[in-house]
Amino acid sequence: MNILELFIVGAIQGFLEFLPVSSSGNVSLILMNFLKITPSESFSLSLFLHLGT
174 MNILELFIVG
184 AIQGFLEFLP
194 VSSSGNVSLI
204 LMNFLKITPS
214 ESFSLSLFLH
224 LGT
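Residue numbers for the sequence shown, in the numbering used here: 174 to 226.
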């Protein structure tokens with residue numbers, strides 16, 4: 174995963190934080206479906222992204 178992909182996922186998570194949906198669930202789905210990472214890596218990265226918000 175490169176820095177551009179991480180920036181895009183962080184921006185998506187920041188945008189979804191204001192909507193009344195689960196931002197961590199949506200970020201995990203995006204990571205698993207589009208970036209093809211494992212569910213455990215997706216969960217870890219999703220938790221890490223929540224440190225900023």
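Using N, Cα and C, we set each Cβ at its ideal position, and we do this for glycine too.
Assuming Asn206 is part of the alpha helix (DSSP H), what are its boundary residues? In the sequence shown, counting from the first residue as 1, residue 206 sits at position 33. It spans 196-207 - the alpha helix (DSSP H) in which Asn206 sits, taken as one unbroken run.
Mapping the DSSP letters down to three states, classify Ile210 as helix, strand or coil. Along the sequence shown, one-based indexing puts residue 210 at 37. Coil at Ile210, not helix or strand.
Taking the alpha-carbon positions, what's the Ile181 to Ser195 distance? If you number the sequence shown from 1, residue 181 lands on position 8. If you number the sequence shown from 1, residue 195 lands on position 22. In a straight line, the C-alpha of Ile181 is about 18 Å away from that of Ser195.
Helix, strand or coil: how does DSSP classify Phe191 here? Working through the sequence shown from its first residue, we reach residue 191 at position 18. If DSSP states are grouped into helix, strand and coil, Phe191 belongs with coil.
When you compare only the Cα positions, how much space is there between Leu202 and Leu222? Your numbering for residue 202 matches position 29 in the sequence shown. Your numbering for residue 222 matches position 49 in the sequence shown. Roughly 14 Å separates the two Cα atoms.
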